[in-house]
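In this note's numbering, the protein residues as written are 287 to 424.
And the structure:
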């Protein structure tokens, strides 16, 4: 009877997905990351990481889910990274634990000067990237 009650409680309250998000360069926790846990045909659940980079989403129904992570100034984990792979949530099972690494984006700043060293205005500025085959692309 106690086992039945425990199973009914697990089903009624759903399951948990929890984890941490860290900076892939420094290993420091990343606070304020928007975490979305979703499954087709079910409403998505949202959370945000705290000061130690931790998040927790409770009350998930059984099913297959995926997670996405977003914070200004960081690139989200790529689609092939473990934290982005679909995972299964089942009543009575342990919480799903995700370890997430986000890469800080670079910053570019500077000044545009004319030929005499004076500040220029209205000058077009374009950021170019180099590809691995040596060609340059915009």
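No residue lacks a Cβ here, since even glycine has one placed at the ideal position from N, Cα and C.
Through-space distance from residue j to residue i, alpha-carbon basis
i           : j           : result
residue 311 : residue 388 : 8 angstroms
residue 368 : residue 305 : 12 angstroms
residue 408 : residue 399 : 11 angstroms
residue 373 : residue 384 : 10 angstroms
residue 314 : residue 325 : 29 angstroms
residue 321 : residue 376 : 20 angstroms
residue 300 : residue 332 : 15 angstroms
residue 434 : residue 371 : Nothing about residue 434 can be reported from this structure: the residues present for the chain run from 287 to 424 only.
residue 340 : residue 302 : 13 angstroms
residue 355 : residue 404 : 43 angstroms
residue 380 : residue 397 : 54 angstroms
residue 411 : residue 402 : 19 angstroms
residue 291 : residue 378 : With a pLDDT of 41 at residue 291, under the threshold of 50, the modelled position of this residue cannot be trusted, and the question is left open.
residue 347 : residue 414 : 46 angstroms
residue 323 : residue 352 : 6 angstroms
residue 357 : residue 406 : 33 angstroms
residue 319 : residue 307 : 8 angstroms
One or two residues paired with residue i in a DSSP bridge
i           : result
residue 328 : 325
residue 371 : Paired residue(s): none; residue 371 is not in a bridge.
residue 356 : 320
residue 303 : 343, 382
residue 405 : 399
residue 376 : Beta-bridge pairing links residue 376 to no other residue.
residue 315 : 308
residue 334 : 320
residue 364 : None, per the DSSP bridge assignment.
Span of the beta strand (DSSP E) around residue i
i           : result
residue 384 : 382-390
Rounded distance between the beta-carbons of residue j and residue i, thought under 8 angstroms
i           : j           : result
residue 363 : residue 386 : 6 angstroms
residue 344 : residue 317 : About 20 angstroms separates the two Cβ atoms, so there is no contact after all.
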